[in-house]
Structure formats: structure tokens, C-alpha cells
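> In our numbering, the protein residues as written are 4 to 171.
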């Protein structure tokens with residue numbers, strides 16, 4: 004599987020995959036082998052806000068000093084320079100994919116609207132990464148594909164997300 008077959012443009016999307024967990028993992032591993040920075044997010048760790056902050060922090064290796072609140076999360080998710088392949092500019096190979104296993108469970112134990120907060124942060128990150136930035140800074144970059152891939156074993160798994168975002 005080539006990244007450009009799955010995500011042909013340097014855009015950002017929320018994409019769904021209806022499949023069993025093993026097949027989802029195999030698909031995402033194929034993207035990683037093709038040069039995409041893939042990070043898995045486990046549903047069992049993301050049911051609460053605290054758990055979600057912890058899981059994203061671990062999967063994306065957020066700096067130790069990051070506060071566990073929405074503004075700090077929003078800032079870190081739209082940065083990720085510590086994961087770059089280059090020290091001179093942002094380089095994430097063929098793009099970034101956040102692979103969310105059993106996505107229906109994300110923030111299911113949180114307050115109403117928490118998933119909307121998460122979606123807003125991910126949308127901001129997508130807009131940042133897909134917008135070219137060239138000003139002679141270390142965070143300069145060409146458009147970087149950024150995709151959130153939601154896993155579910157049935158289409159109903161994506162209902163919570165559909166309140167906040169158009170899914171492809």
C-alpha cells in the first residue's frame with residue numbers, strides 16, 4: 004500500500020476504516036513501511052480526558068513539561084517538531100497518520116462536547132501541517148499530509164464523530 008494511494012493530496016482528513024482490528028493494524032503498518040509517520044491511539048486509553056491526554060502524549064512523545072489541558076494539547080498536536088526527520092525543517096516523510104483503534108470509545112466517559120474539543124484540535128493541526136510555511140525558520144515546511152484514521156468494526160462506530168466532523 005502506497006501512501007499516495009490512500010491519501011493522494013497533501014491535505015488533511017478524518018477517514019474511516021470499517022474492518023477488524025487486525026486488518027486495521029496491518030493497513031496502518033503498511034503505511035508506516037511506505038514512509039508515513041503512523042501513531043496508534045488505543046481506545047481503551049482514550050475513554051476519559053485524562054486518559055486521552057496521556058495516550059496522545061505517549062504516542063506522539065509530547066515533551067515532559069506539557070500541561071494536561073486543551074490549550075497545551077492543541078499547541079503540541081500542531082507542533083510535533085521533535086518527531087521530524089530533519090533538524091532544519093519539518094519533515095515527516097510521506098505524512099502523518101493518527102490511527103485511532105475502536106474510535107467509538109474515544110472520550111465516551113468524558114463530558115458532552117469533549118470529543119468536539121478533540122476534533123477542533125485535530126482540525127487545527129491538519130490545517131497547520133497542510134499549509135506551507137517558508138520563512139527561514141526551523142519549522143518551515145512544504146504541505147504535509149495529515150490524516151486521522153478512525154477504526155470501527157461497523158459503520159455505527161463513527162456516530163459520535165459525525166456530530167463534529169465530515170468523515171470520508
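Cβ coordinates follow ideal geometry from the N, Cα and C atoms, glycine included.
1. Starting from the C-beta of residue 17, find all residues in its chain whose C-beta is less than 6 Å away, skip the five residues before and the five after it, and write them out in chain order.
2. What whole-angstrom Cβ distance do residue 161 and residue 147 have, given they're in contact under 8 Å?
3. Which runs of the alpha helix (DSSP H), 4 residues or longer, sit entirely within the region 91–133?
4. Can you tell me whether residue 58 is helix, strand or coil according to DSSP?
5. Tell me, which residues are paired with residue 63 by DSSP?
6. Kindly confirm or deny that the region 79–86 and the region 21–29 touch, where touching means at least three C-beta pairs closer than 8 Å.
7. Which first and last residues belong to the beta strand (DSSP E) in which residue 44 is found?
8. Taking the alpha carbon of residue 174 as the point to measure from, which residue in 14, 41, 15 has its own alpha carbon closest?
9. Counting along the chain, where does the alpha helix (DSSP H) carrying residue 153 start and finish?
10. Going by Cα to Cα distance, which pick from 102, 97, 43 is closest to residue 144?
11. Find out if the Cβ-Cβ distance for the pair residue 94, residue 155 is shorter than 9 Å.
12. Name the DSSP beta bridge partners of residue 137, please?
Looking at the coordinates:
1. In the chain shown, the residue the question calls residue 17 occupies position 14. Cβ within range, chain order: 151, 168, 170.
2. Along the chain shown, read from residue 1 onward, the residue named residue 161 stands at position 158. Along the chain shown, read from residue 1 onward, the residue named residue 147 stands at position 144. The pair is not a contact, with the Cβ atoms about 25 Å apart (cut-off 8 Å).
3. Considered as a whole, the region 91–133 harbours 117–133 as its complete alpha helix (DSSP H) runs of no fewer than 4 residues, in chain order.
4. On the chain shown, residue 58 is found 55 positions in, with the first residue counted as 1. When secondary structure is reduced to three states using DSSP, residue 58 falls in the helix class.
5. Position 60 of the chain shown holds residue 63. Paired residues: none, contrary to the question.
6. Contact between the region 79–86 and the region 21–29 is not established, with fewer than three Cβ pairs separated by less than 8 Å.
7. Here residue 44 refers to the residue found at position 41 of the chain shown. Note, residue 44: beta strand (DSSP E), 40–44.
8. Since the first residue shown for the chain is 4 and the last is 171, residue 174 is missing from the structure and cannot be characterised.
9. In the chain shown, counting from the first residue as 1, residue 153 sits at position 150. Where residue 153 is concerned, there is no enclosing alpha helix (DSSP H), although the beta strand (DSSP E) it sits in stretches over 149–155.
10. For this step, residue 144 is matched to residue 141 along the chain shown. Checked all of 102, 97, 43; the closest Cα to residue 144 is 97.
11. By 1-based counting over the chain shown, the position of residue 94 is 91. By 1-based counting over the chain shown, the position of residue 155 is 152. The answer is no: Cβ separation not under 9 Å.
12. Along the chain shown, read from residue 1 onward, the residue named residue 137 stands at position 134. DSSP output for residue 137 lists no bridge partner at all.
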